[in-house]
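Reading through the structure tokens given below for one structure.
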Amino acid sequence: MWWIILITLSLVLIHYLMTKNFDYWRNRSVPGPHPWPLVGNIGPSFIGRRSTGEIIKEIYRKYEGFPFVGIFRATTPVLLVRDPDFVKKIIVRDFKHFQDNDVEVDKDVDPVYAGTPFILKGGSEWKTARSQLSACFTPGKVQSMFPIMQKSSERMVRYIGNEISISPQMESWDLCGRYTLNNVATCAFDIEGKCFDEPHPSFKQFADEFLGYDHFWSTIKNSILLLIPSSTNFFKIKIIQDQIAQKILDYITTAWKHRKENGVVMNDFIDYLYTLKSGPIPFTDLDATSRASVFLEDGYDTSSRTMSFFLFELANNTIVQETLRQEIMESYRENNNSFTYESILKMSYLEACLNESMRKNSINGQLRRVCTEKYTYTPTNPEFAKISITVEPGTSIIVPVGAMQSDPNYFESPDEFKPERFFDMDKIPKYSFMPFGEGPRLCIGKSFGKMQIKVGIVHLLKNYRVTVNQKMQFPLKYNPWYGLLDVIGGMQIDLHKIE
Ligand SMILES: *[C@@H]1O[C@H](CO)[C@@H](O)[C@H](O)[C@H]1NC(C)=O
Ligand SMILES: *[C@@H]1O[C@H](CO)[C@@H](O)[C@H](O)[C@H]1NC(C)=O
Ligand SMILES: *[C@@H]1O[C@H](CO)[C@@H](O)[C@H](O)[C@H]1NC(C)=O
Ligand SMILES: *[C@@H]1O[C@H](CO)[C@@H](O)[C@H](O)[C@H]1NC(C)=O
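Quick note on UniProt numbering: the sequence shown kicks off at 1 and runs consecutively.
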């Protein structure tokens, strides 16, 4: 008899633990969907049915007219912000109340990842790391890396030529990944990435291992980091493995040694890291590794995903592609049959097309912040219900960038690819379009990323017409296990040489 009581008691206890927070938002009169025990409102993403981005988009739509929605990520209360005015306050104006990203990484377990500005809490260490990295991506620095991007592009064009002599079909992300990684290899490590030289380039294998692709445990770790960030300390989760960190450092120190022995000065990323090492602020090998890992992650992964969706959109919208090609060819001729840093910056249709692709395909989907100082918000925008909220320190915040960028109130027919909408930036409400975030945590590599994507696309379209491979099925299915936008089965395109 007693064991029935024991089981009942444990079930009651488990149920209590799984639901104990669930009156959090009700207590504060914040509207929101009813949560399920343990999984909260993101159940379908736990079982791999839908990505968190899709779930958030759905909740966002359902609560139209509310400035914010209270949801539960597993059992953690999270505030989903809908009102662009509130968004502005969180990420720009009242930044000091929300200065940290909602990601926990234990410094003792994973020092390299913990040392990136993305993870560092908004204190002096973060400021230093951030300003050190920002200095590497000023317009002048990006311009100095332009010739490297040109070289990779030319290499890519030759690679495509070889590949399509066998079959026109290619996978967009694979192609773009080779290209961006080839740039990053040279820009960040001063090595030849050789990403177009072999089917499985060794540098790409290293980079993919760094990002944890194709590893079951990495996927699980990424999911935990995303769904239950506070538990990463408990599970001692390590994103950047020791041997990978060591390899990054080896690349850097090899380059330093080579330069010192040969008296080479290039004023690039590697030289800059060396200057920091001998500068007044303590700068360890660990710091150098950490800075370089940011370059590798964003310059390769985020950039290649953005570019692959861009290329795919162009393949699927042939009229836009033709119009863009005209702009490219005109600029090419006007510049003595060449592309320059300035001429590429000047292409306004290219800029609008890239914006439109980033709007429609939000790679990150959300900005995740955590409240660091108590904050009270009352909406002033008449479009939103007049309900106030006081956010307590420690509360997780989600700014649903992907959902906002496909909100028909801000972008008419949001599922259509219409670059023209960006010709009238005044019509686009502020803080409803933020592919790089905004405010003090704005993406550091923004201008590098945009430039490398544009250079690659310009060379590609000059030489090849792109179409969607017949095997592609719409609507696209997104990988629910991965934090960034990722299409299951890839994005298959066909390339055709322009004679
Ligand atoms: C909600 O309010 C009730 C009554 O004041 C309180 O007992 C409970 O602890 C609160 N729950 C949360 C999660 O804040
Ligand atoms: C591709 O274009 C077709 C027709 O224009 C459209 O129905 C489809 O949604 C587009 N796919 C993507 C991923 O944009
Ligand atoms: C145009 O390019 C050619 C060959 O690359 C070069 O010799 C010439 O000086 C260039 N002219 C101008 C105006 O830049
Ligand atoms: C593209 O978006 C950026 C914001 O990321 C904006 O500053 C720029 O004006 C936009 N340009 C065009 C042509 O759409």
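For each residue, glycine too, the CB sits at the ideal point set by N, CA and C.
Judged by DSSP in its simplified three-state form, Glu192 adopts coil rather than helix or strand. The beta carbon of Val81 sits closer than 6 Å to the beta carbons of Phe68, Val87 and Val399 from its chain, once the five residues preceding and following it are set aside; these are given in chain order. For Gln246, the closest C-alpha among the options Asp287, Ser29, Gly437 and Glu104 is that of Asp287. Put simply, of Leu367, Tyr272 and Lys204 the residue whose alpha carbon is nearest the alpha carbon of Glu297 is Lys204.
Ser396 and Val78 have their C-alpha atoms some 5 Å from each other. Of the other Cβ atoms in all chains shown, fewer than 16 fall within 10 Å of the Cβ of Ala135; this residue is therefore exposed. With three or more CB-CB distances shorter than 8 Å, the region 300-309 counts as touching the region 448-460. Rounded to the nearest angstrom, the Cβ distance from Asp268 to Cys187 is 7 Å, consistent with a contact under 8 Å. Under the three-state reduction of DSSP, Met18 is assigned to helix. Straight through space, the alpha carbons of Asp285 and Phe210 are spaced by roughly 18 Å.
Taken from the Cβ of Pro84, every heavy atom of ligand 4 lies 8 Å or farther away. As DSSP reads the structure, Tyr375 sits in a beta bridge with Val391.
Within the chosen limit of 8 Å, ligand 4 reaches the beta carbon of Phe433 through at least one heavy atom. With 16 or more other Cβ atoms inside 10 Å of its own Cβ, Phe137 counts as buried. In the DSSP assignment, His34 is bridged to no other residue. In the DSSP annotation of this structure, Asp426 is not part of any alpha helix (DSSP H), being labelled neither H nor E.
With a cutoff of 9 Å on beta-carbon distance, Leu354 and Leu461 are scored as not near each other. In this structure, Lys62 places its C-beta atom within 9 Å of the C-beta atom of Pro33.
Near ligand 1, residues with a Cβ at less than 6 Å from any of the ligand's heavy atoms are Asn21, Asp23, Tyr24 and Asn27; the list follows chain order. Comparing alpha-carbon positions, the option among Ile4, Phe72 and Leu11 lying closest to Phe22 turns out to be Phe72. Taking C-alpha positions only, Leu133 is separated from Ala352 by approximately 27 Å. Under the DSSP definition of a beta bridge, Thr323 lacks any partner. Non-local beta-carbon contacts of Leu367 in its own chain, meaning distances under 7 Å to residues more than five positions away in sequence, involve Ile91, Val399, Val401 and Gly437 in chain order. In the three-state reduction of the DSSP assignment, Glu383 falls in the coil class, being assigned neither a helical nor a strand state. With 16 or more other Cβ atoms from the protein chains shown falling within 10 Å of its own Cβ, His459 counts as buried.
Rounded to whole angstroms, the gap between the alpha carbons of Ile444 and Tyr274 is 20 Å. The continuous beta strand (DSSP E) containing Ser396 extends over residues Ser396 to Val399.
In terms of Cβ geometry, Val320 and Lys238 do not form a close pair [threshold 9 Å].
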